[in-house]
Structures are given as structure tokens and as C-alpha cells.
Amino acid sequence: MSKNYFCRKCEIDYSLEERNKSMFCPKCGTCLIDKSKIDPYYLRPANPETVVLNINLEVDFKNVYLPENHKKKLIVAHQIGSRILKNAGEDPEPVETALAVEEYRWFWKPKNVKFALVAESHVRTSAEELKVRIIPERLPSIYPTNGSLGFVKLVYCLGYGESNILDFPNRIKNNPGTKQYIDLFADLIGLKHQRNYMTRLKYRTNVLNTVKKQGIWLLDASVHACYMGNKKSYPTEVVKKRLPNKVVKKIVPMSWDRYVRPMIDDLDIDPTCVWIIGKGLSNLLEGKYARGSNWIYQPNAMVSGESKELRKKKLRSAITQCCL
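Per our numbering, the sequence shown starts with residue 333, numbered consecutively.
This is the structure in C-alpha cells:
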């Protein structure tokens, strides 16, 4: 029996017979949607490389940690996102950026993922910036010996925000780093005090090592950067140039449905052990892994410290329960 209707909130498919019984999802009450009337960008084909036309899966990128099946899904999501961006007058990053980002992410993936945090995206990284390499001799001794030495604007890359360890730092247009996310991780796992007596690089490496050891994995909902990171036009850390909201609302759900959510499904993780960073992102992804109160404010959110701490307290409790 074909299932031509689905509930976007619960991400469950329904047949015409089920739809005729009730036009609303029996689980959440959301109105069921006819798949034939939806922009194909948002459908979730079981075999996307054959359903989506004109997708070239041959990319000259040697992936070591990113599994081949997820690499294909990533390329499909990236090419569809590139179409969305071009139609909106935006210039997409090369697919190599998305692949380099995911190589870092999969390198830092815990052997047994017990908890997943989902942020919005990495920061835009150009093809020229991808050529920059980390000088291994300048890394702290506790950095994993088999770790990636490429450059991307992602919290998992030690070169982001640390120009002194890069071979050609002048090729990076803007390299402020993402200190606020390292501090967030450290706060969640009880290591924030260490920054007072460790070098910055050693502190960052120790935080990432500990996060991985405890089974916590950071994901991004979008395979395309939503942040441009242009400090010349936007001189503060808080206000960075972003893609227009109407574009973000297209590429994020598409990336989530085609690449990120299936990746979480493969983890066989309880939905209560998946938390979203950002209330707006949580609203946008509302469904199986984004529901209720499993979200925290972004580190730079313009809200009171008390409100932030309340959400972080709930997150710490969830991490404790999931990572026991």
C-alpha cells in the first residue's frame, strides 16, 4: 500500500486510506500533507542518488573517517542545497568544504555515541581557505596523532581561531574561532576551570578529547554554512553575516532530512538524548529529534544569563542520564 501522505512533525508516512479516516496525524494532531504537492527538495527518498536527477556523486575527495554511504547522502544534500542557494542569488561553498567539515566531525565521533548536540552549521570556508594546513609540530602533545590537519571553520578544527599553527594564515579572510562553543562544552562536562592553568590549545584539545570520551557528538543541521563570518562588515562576534532567513528555512530542513536525521537514525540513540542548540533551530526542525524542551540557547543569544543557565542546567541533567 503506497503511503502518499505524511506528518512533517512526527515524520511518519500515511496511506490514502488512513488519510480518509482522518486528515490529522493520530499521534500529534498535525494536518497530514500530500507528498505530490510538496517541493521535492523536502521529500526524503530512500535512494536519493537515483531519485534526484543530475546529481554527480563522483567527487575527488579522499575520505578516511566519513563512511561512504553517508558521503553519498552528503553530496546529494550539498548539490540540492547549492541549487537552492543559486536560485536565491547566493554563492554556495564547494562540496569539498562540506566533505572536509564532515571528515573532522566523523574523526571526533565517539565510538559509542550516547548524546548528540545539533547546532545550525559551520562557518563559511572558501576553496582557497581549504588549502591551508595545520603544522603538526605546533599542536599540543595530547592532540590525537591520526587527527585531520586540514582547515575548516568548525569547532572541531583546532586551526579555527589559532592562526599561529597554520602554514599560510594569510589565506584565511577571517579566523576568530569559536571560543564560545569550547567554553560551552567545557561547562557541560565540568572542565571550564582548566582554562585558567592550561595553554589555550591544550585546553581546547583536552575539552574535545573529553567530550569524545564521554560519548558526546556535535552535529550541524545544515551541510551549507549559514554564517558568512565577514568581520569587516560585521565587526563583533555576536553579529555575523548570515544567509537570509528565507533561504535558511529551505536549506536547513532539506539538509536535515536528507543527511543529518538519517545519520542520527543510524546511531540508534534515544530521541531524549538529542538536543538542539538554538530555539529557532529547534522550531525549524520540530519533529522526532526536536520536540518539547530538548534545546538550549545559542552561546551568543541575546537573553538573560539566568535564562541561559536554566536551559544549560536541564541539558547537564540530560547528559548525565544519557551518558551513565
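We treat Cβ as the ideally placed atom computed from N, Cα and C, and that holds for glycine.
{"Item": "Three-state secondary structure assigned by DSSP to residue 628", "Value": "strand"}
{"Item": "Distance CB(residue 592)-CB(residue 550) smaller than 8 Å", "Value": "no"}
{"Item": "Residue 617 to residue 407 span [Cα, whole Å]", "Value": "21 Å"}
{"Item": "DSSP beta-bridge partners of residue 549", "Value": "448"}
{"Item": "Backbone secondary structure at residue 504 - three-state DSSP", "Value": "coil"}
{"Item": "Residue 510 to residue 493 span [Cα, whole Å]", "Value": "7 Å"}
{"Item": "Continuous alpha helix (DSSP H) stretch holding residue 397: start and end", "Value": "From DSSP, residue 397 is part of no alpha helix (DSSP H); its letter is neither H nor E."}
{"Item": "Candidates 655, 651, 486, 409, of which the one nearest residue 512 by Cα", "Value": "486"}
{"Item": "Whole-Å CB distance - residue 398 paired with residue 431, under 8 Å assumed", "Value": "7 Å"}
{"Item": "Local Cβ density within 10 Å of residue 653, reported as buried at 16 or more and exposed below that", "Value": "exposed"}
{"Item": "Near the ligand NAP: residue 355 beta-carbon under 7 Å from a heavy atom", "Value": "By its list of ligands, the structure shown contains no ligand whatsoever, and the ligand NAP lies outside what it can speak to."}
{"Item": "7 Å Cβ shell around residue 483 - same chain, five flanking residues per side excluded", "Value": "461, 462, 464, 465, 466, 489, 491, 498"}
{"Item": "Cβ pair count under 8 Å reaching 3, the region 603 to 618 against the region 434 to 453", "Value": "yes"}
{"Item": "Close beta carbons around residue 555, own chain, < 7 Å, minus the five adjacent residues each side", "Value": "406, 409, 410, 413, 430, 587, 591"}
{"Item": "Which listed residue (623, 394, 516, 335) has its alpha carbon closest to that of residue 645", "Value": "516"}
{"Item": "At least 3 beta-carbon pairs within less than 8 Å: the region 601 to 608 vs the region 621 to 633", "Value": "yes"}
{"Item": "Other residues of its chain near residue 415: CB distance less than 7 Å, five sequence neighbours each side excluded", "Value": "none"}
{"Item": "Residue interval of the alpha helix (DSSP H) (run including residue 579)", "Value": "577 to 587"}
{"Item": "Local conformation of residue 637 per DSSP, three classes", "Value": "helix"}
{"Item": "Span of the beta strand (DSSP E), counted from its first residue to its last, around residue 606", "Value": "606 to 609"}
{"Item": "Element boundaries [alpha helix (DSSP H), containing residue 514]", "Value": "511 to 521"}
{"Item": "Cα-Cα separation between residue 345 and residue 421, rounded to whole angstroms", "Value": "34 Å"}
{"Item": "Buried versus exposed call for residue 514 [16 or more other C-beta atoms within 10 Å across all chains shown]", "Value": "buried"}
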